[in-house]
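Q:
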Amino acid sequence: MSSGESALDLAARRLEQAVNMLEQRLAQRLKTAQAGGAFEQDRAKLAAELDEARARERVLEQAGLEASEALGRAILEIRAALNGAAQGAEH
């Protein structure tokens, strides 16, 4: 403590420093909490997009099965038509 500084002045300065440090720590925690909230929002958005992609995958899978079945029927019809034409040509 300097000659012109009283114990009260010193205590006030230390209190001010402690308050400043507390404010800085609080600001940092708020910043971290806000970043955590943004992370949760991003995670929720990604989860929703994943659910949509899985639903679309199921739709596409079903469409693929239906197309495969239709192609199989078409192949059978073409073979039958070709066999009928070949048999007609033999007679």
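Each residue of the sequence shown is one higher than the one before, counting from 498 in the working numbering. Note that CB positions come from ideal geometry on N, CA and C, so glycine has one too. As the structure is a prediction and not an experimental result, all values here were calculated from the model.
1) How far does the alpha helix (DSSP H) with Ser-565 in it reach, from first residue to last?
2) At the level of alpha carbons, what is the spacing between Thr-529 and Leu-543?
3) Could you compute how far the alpha carbon of Gln-521 sits from the alpha carbon of Ala-545?
4) Between the C-alpha atoms of Ala-567 and Glu-537, what's the straight-line distance to the nearest angstrom?
A: Inspection of the coordinates gives the following:
1) Looking at the DSSP string, the run of the alpha helix (DSSP H) that includes Ser-565 is 504 to 587.
2) Approximately 21 Å, taken between the alpha carbons.
3) Pairing Gln-521 with Ala-545, the inter-Cα distance amounts to about 36 Å.
4) So the alpha carbons of these two residues sit roughly 45 Å apart.
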